[in-house]
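Encoded as structure tokens, the structure appears first; notes follow it.
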Amino acid sequence: MITSTENLPKIDIEARERAATFPDGTQRLAVRFVDRAASQGTVLLEIPAPVQINAIEISAEEISADDEHLEVEILAVPEANGKNGSAADHADTLQAMQSWVEKHATQPTLVITFQGVHIFGTTRRVAFLGHPSRLNSIRQALLEASYFELEQRRIEQWAYATWPNAEQDLPSAFEFSEASLEDKQQIQKRFEALLRIRARLSRISLHVYAPHIYPPTLASQIGERLRERTQLAHRHEVLWEQLEVYNEIYEMCAQRVSDYTLTRSANALEWVIIVLLLIQILFSAFDLLTSMGS
15 MITSTENLPK IDIEARERAA TFPDGTQRLA VRFVDRAASQ GTVLLEIPAP VQINAIEISA
75 EEISADDEHL EVEILAVPEA NGKNGSAADH ADTLQAMQSW VEKHATQPTL VITFQGVHIF
135 GTTRRVAFLG HPSRLNSIRQ ALLEASYFEL EQRRIEQWAY ATWPNAEQDL PSAFEFSEAS
195 LEDKQQIQKR FEALLRIRAR LSRISLHVYA PHIYPPTLAS QIGERLRERT QLAHRHEVLW
255 EQLEVYNEIY EMCAQRVSDY TLTRSANALE WVIIVLLLIQ ILFSAFDLLT SMGS
């Protein structure tokens, strides 16, 4: 279900940016993606099951400088006088939009021109220009695409950062000893984190591999074009294979831990039985010697 934002108050961008050929009606939104159960504030978009995420409006001051939250800024620019035109007709506006997007960019800017819509995007900022009557539907499509891109990119970063840990734990997948017991809890936590990450990746699969919608709409075609340009499906497959490797490592580690724990328990039980038998033999020998002395 998509919640309309047509009646949301318009937020002016910075004065120096507004003076740089942005037309009247330009709207800037700061958006945070949160779990549906924890969402508070104006809901701009509801992403349905299995994701269960809401896009909520926040103030520009709340945008994080790091990746603590899944956040994006959207700049919606209406065509002047509501007239379609070529890129040359909007050259100054498009240049200002691209400059705004690239202001804090750490990666190349994605540029898409489609059915009169001009889009500039990075992970944290997206600007688009289109007919005033289409702004709402375009914004919804871009918000949805931004969430899945941000979520997959965050999982990719986790997988990249986990390589050293996986290599460190690899020997425990083949042999587990008394000296490795201190790593047992750490391995369990990493395995649990891996399962949570795989669940998150699985939740976005429905969108990543979604078939094309028929009859197509402008919003659906923008979403499909963004998936293609960002290679979302290919990256998802590569990421899934990488997590499979991690899963095999930690499944083997878990099996070695279980085998070692069971073996150690069995050995302890055997020693208890041996000690009890020795005690029984000693008592029997004592009784025998006592009876012989009598």
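Using my numbering, read the sequence shown as starting at 15 and increasing by one per residue. Just so it is clear, CB atoms sit at the ideal spot from N, CA and C, and this is done for glycine as well. Note that this is a predicted model, so its numbers are computed, not measured.
List the whole-angstrom C-beta distance separating residue i from residue j, where the pair is believed to meet the contact cut-off of C-beta under 8 Å.
| i | j | result |
| --- | --- | --- |
| Leu257 | Leu215 | 7 Å |
| Arg334 | Asn68 | What the structure shows of the chain is the stretch from 15 to 308, and residue 334 is not part of that stretch, so it cannot be assessed. |
| Ile211 | Ile263 | No, Ile211 and Ile263 are not in contact; Cβ-Cβ is about 14 Å, not under 8 Å. |
| Leu58 | Leu157 | 6 Å |
| Gly135 | Thr123 | 7 Å |
| Ile72 | Ser53 | That belief does not hold up - the Cβ atoms of Ile72 and Ser53 are roughly 11 Å apart, past 8 Å. |
| Ser151 | Leu232 | 6 Å |
| Thr176 | Tyr260 | 6 Å |
| Phe205 | Ala268 | 6 Å |
So, with DSSP's three-state summary, where would you put residue i?
| i | result |
| --- | --- |
| His118 | helix |
| His250 | helix |
| Pro230 | coil |
| Pro92 | strand |
| Glu189 | coil |
| Ile218 | coil |
| Phe205 | helix |
| Phe162 | helix |
| Gln199 | helix |
| Gln41 | strand |
| Val289 | helix |
| Glu47 | The identity of residue 47 in the sequence shown is Phe, whereas the question assumes Glu. Correct three-state label for Phe47: strand. |
| Ile236 | helix |
| Val259 | helix |
| Ala175 | helix |
| Val65 | coil |
| Ile70 | strand |
| Ala224 | coil |
By Cβ distance, which residues of its chain are closer than 8 Å to residue i, with the 5 residues on each side in sequence left out?
| i | result |
| --- | --- |
| Leu6 | The structure shown does not extend to residue 6, since the chain spans only 15 to 308, so no value can be given for it. |
| His104 | Glu93, Ala94, His132, Leu143 |
| Phe188 | Met266, Arg270 |
| Ile218 | Val65, Phe162, Glu165, Gln166, His250 |
| Asp197 | Asp183, Ser186 |
| Pro23 | Here Pro23 scores only 40 on pLDDT, less than 50, and its place in the model should not be relied on; the value that follows carries that caveat. Excluding positions up to five away in sequence, the list is empty. |
| Arg148 | Val131, Leu232 |
| Asp273 | Phe190 |
| Phe300 | none |
| Gln129 | Leu232, Gln235 |
| Gly55 | Ile70, Glu71, Ile72 |
| Leu208 | Thr176, Leu257, Tyr260, Asn261, Tyr264 |
Under 6 Å from any heavy atom of the ligand HEM, does the C-beta of residue i make it?
| i | result |
| --- | --- |
| Glu206 | In terms of ligand content, the structure shown is empty, and the ligand HEM therefore cannot be addressed. |
Can you list, in chain order, the residues of its chain whose CB lies under 6 Å from that of residue i, leaving out five sequence neighbours each side?
| i | result |
| --- | --- |
| Glu87 | Ala44, Arg139 |
| Val305 | Residue identity differs from the one stated: residue 305 is Ser in this sequence, not Val. Closer than 6 Å at the Cβ level, and outside the excluded window around Ser305, lies no residue. |
| Ser234 | Ile227 |
| Val289 | none |
| Ala7 | Nothing about residue 7 can be read from this structure; the chain reaches only from 15 to 308. |
| Arg46 | Ile70, Ile72, His83, Glu85 |
| Gly39 | Pro92 |
Counting only C-beta atoms, is residue i closer than 7 Å to chain C at any point?
| i | result |
| --- | --- |
| Glu93 | Absence of chain C from the displayed structure is noted, only one protein chain being present. |
Once the 5 residues before and after residue i are set aside, which same chain residues still bring their CB inside 7 Å of it?
| i | result |
| --- | --- |
| Gly237 | Ala155, Glu158, Ala159 |
| Leu292 | none |
| Gln202 | none |
| Asn179 | Arg204 |
- With contact counted as at least three CB pairs below 8 Å, one residue from each stretch, are the region 58 to 65 and the region 110 to 123 in contact? no
_With three or more C-beta pairs closer than 8 Å as the rule, is the region 141 to 156 touching the region 217 to 230?_
no
Practice prompt. Would you list, in sequence order, the uninterrupted alpha helix (DSSP H) runs of no fewer than 4 residues that lie entirely inside the region 113 to 160?
Written response: none
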